[in-house]
Each structure stands twice: as C-alpha cells, then as structure tokens.
Amino acid sequence: MFVPEEVISLAREVLDTTLGQATYQASKVTQWTETLIDEVLKRLVALKKPYKYLVTCALLQRMGAGLHASTAEYWDAATDGHAHITWENRTIYCMMTVFGLSI
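Numbering of the sequence shown is given in our numbering, commencing with residue 1 and proceeding in unit increments.
Below is the structure:
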C-alpha cells in the first residue's frame, strides 16, 4: 500500500537538503526542480516497492501571491495513492506532488 507519510518525510528531507536557506533566484529554478525531482525519484526507487512514480514540483518566489492547483486521478484507491508536500523558507515556496501507481 502507498504510504503518504513515508513519502512526505522523504520529500521534506530532499527539500531541506537541496533548498535549505537558499534565496529565490529565477535563473536557478530549472536546476532546483530537476534536482528535487531526480533525488526524490531515486529515493523512492531505492525503497524497492512495487510502484511506478510520478513527481511534480512547482517553485515560486514568496511574494504573497496565491496559487491554486488541482489534480484528478482514476486509479485503484486500494493500492495507488499520492502525497502532497508543501515547503517554504523566507523567499521560496514549493509545492510537490508524488503519485504512486501499483505495478
């Protein structure tokens, strides 16, 4: 069974390590998102669970603006799942979603 709490903890570790006290720089957003997604995927695969994973990541400059996002899934709710992670520091806001689809 997909365990969102396990995925959230794993993703937060990656976010803390990668972004930590970084200051938002638009020129680094592509690099950061690629690093975050790659590292989360590596750690998920290392768990050796029978899932295919999909990871999305949005980084925003914290300026007080709002962002609304949604997803819809058609899957087996007994085995598949997702985890939504929000993370922020003084200048960066991150929204990450991890989907786990049972193989």
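All C-beta atoms in this analysis are idealised placements derived from N, C-alpha and C, irrespective of residue type, glycine included.
None of the values given here were measured: they were computed from a predicted structure.
By the neighbour-count criterion, in which 16 or more other beta carbons inside 10 Å mark a residue as buried, L36 falls on the buried side. Partner residues in the beta bridge of W87, as assigned by DSSP, are C94. For the pair I85 and Y51, the CB atoms are not nearer than the 8 Å cut-off. For V45, the three-state secondary structure derived from DSSP is helix.
Per the DSSP secondary-structure output, L59 pairs in a beta bridge with C94. V40 is positioned such that its CB atom lies closer than 8 Å to that of L10. About 6 Å separates the Cβ atoms of I92 and R62, confirming a contact at the 8 Å cut-off.
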